[in-house]
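Engineer: Below are the structure tokens for one structure; questions will follow.
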Amino acid sequence: MAVKPGWEGRYFEDFEVGDIYRCRLGRTVTEADNIWFTLLTNNTNQIHFNNEYGKRTEFGKCLINSALTLAIVAGMGVADVSENGFALGWDEIKLPNPLFAGDTLYSESEVLEKRESKSKPQWGIIKVRTRGIQQEGKVVIDYSRSVMVWKKAHAPKQQLFPEIRS
254 MAVKPGWEGR YFEDFEVGDI YRCRLGRTVT EADNIWFTLL TNNTNQIHFN NEYGKRTEFG
314 KCLINSALTL AIVAGMGVAD VSENGFALGW DEIKLPNPLF AGDTLYSESE VLEKRESKSK
374 PQWGIIKVRT RGIQQEGKVV IDYSRSVMVW KKAHAPKQQL FPEIRS
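So the mapping is simple: the numbering used here equals the position in the sequence shown, first residue as 1, plus 253.
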């Protein structure tokens, strides 16, 4: 019997400009997700938690908190984009369509730029454009982010699974 390693994410060398990575999992956003996140972040805008208020808006119901939309879509991209790195910055965040409880989010990230780090030779920097798309194909969030990513030869060992002892 052989132990097969799990997915370890991409390293700097694995990225090419123009590549598009689509998260293989969709994520249905619930009313509970929205209320918990809204309370957690002290967001007091009633459009996120008061159904009667939401009915009186142009949307006819409550909206999912846009910061929650960003958090979920960013998380969806970790396995494909930043598993072996960290965010340097976020730019051009746009919310072209609303997201509602019960909608299912999907995400994709396109590599826009790739370069060596000038100050840290063990790292490279990529820039991606990420889009969150709901089940009907409407883009609900669109942004770019820069990520510092390990070069494979310099990355810390990922195999942290403990040896099983009897």
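For glycine and all other residues, C-beta sits at the position ideal for the given N, C-alpha and C.
All figures in this text were calculated on a predicted structure; none of them were measured in a lab.
Measure the Cβ-Cβ separation of Thr383 and Thr281 and say whether it is below 8 Å.
Structural biologist: Taking 8 Å as the Cβ cut-off, Thr383 and Thr281 do not qualify as a contacting pair.
Engineer: When the distance is taken between beta carbons, is Phe353 closer than 8 Å to Leu323?
Structural biologist: No. Outside cutoff.
Engineer: Once DSSP output is grouped into helix, strand and coil, what is the label at Ser319?
Structural biologist: It is helical.
Engineer: Could you give the DSSP three-state label for Met329: helix, strand or coil?
Structural biologist: Three-state DSSP puts Met329 in a helix.
Engineer: Could you spell out the range, first to last residue, of the alpha helix (DSSP H) harbouring Lys308?
Structural biologist: From DSSP, the alpha helix (DSSP H) with Lys308 extends over Asn304 to Lys308.
Engineer: Return the residue from the list Thr297, Leu278, Glu363 and Lys308 that minimises the CA-CA distance to Gly328.
Structural biologist: Among Thr297, Leu278, Glu363 and Lys308, the Cα nearest to that of Gly328 is on Leu278.
Engineer: Counting only runs that start and end within the stretch 340-419, where is the beta strand (DSSP E) found for 3 or more residues in a row?
Structural biologist: As far as the stretch 340-419 is concerned, its whole beta strand (DSSP E) runs of at least 3 residues are 357-369, 376-387 and 392-403.
Engineer: Report the partner residues of Tyr274 according to the DSSP bridge assignment.
Structural biologist: In DSSP, Tyr274 forms a bridge with Ser362.
Engineer: For the alpha helix (DSSP H) containing Ala255, name the first residue and the last one.
Structural biologist: Premise fails: Ala255 is in no alpha helix (DSSP H) and is neither H nor E.
Engineer: Within the continuous alpha helix (DSSP H) that includes Asp286, where are the two ends?
Structural biologist: Unbroken alpha helix (DSSP H) run through Asp286: Glu284 to Leu293.
Engineer: Out of curiosity, what's the CA-to-CA distance linking Glu369 and Gly377?
Structural biologist: So the alpha carbons of these two residues sit roughly 4 Å apart.
Engineer: Out of Ile346, Leu413 and Met401, state which residue places its alpha-carbon closest to the alpha-carbon of Phe268.
Structural biologist: Comparing Cα-Cα distances from Phe268 to each of Ile346, Leu413 and Met401, the minimum goes to Met401.
Engineer: Name the DSSP beta bridge partners of Arg280, please?
Structural biologist: Leu358, per the DSSP bridge assignment.
Engineer: With burial defined as no fewer than 16 other Cβ atoms inside 10 Å of the residue's Cβ, what is the status of Val270: buried or exposed?
Structural biologist: Under this definition Val270 is an exposed residue.
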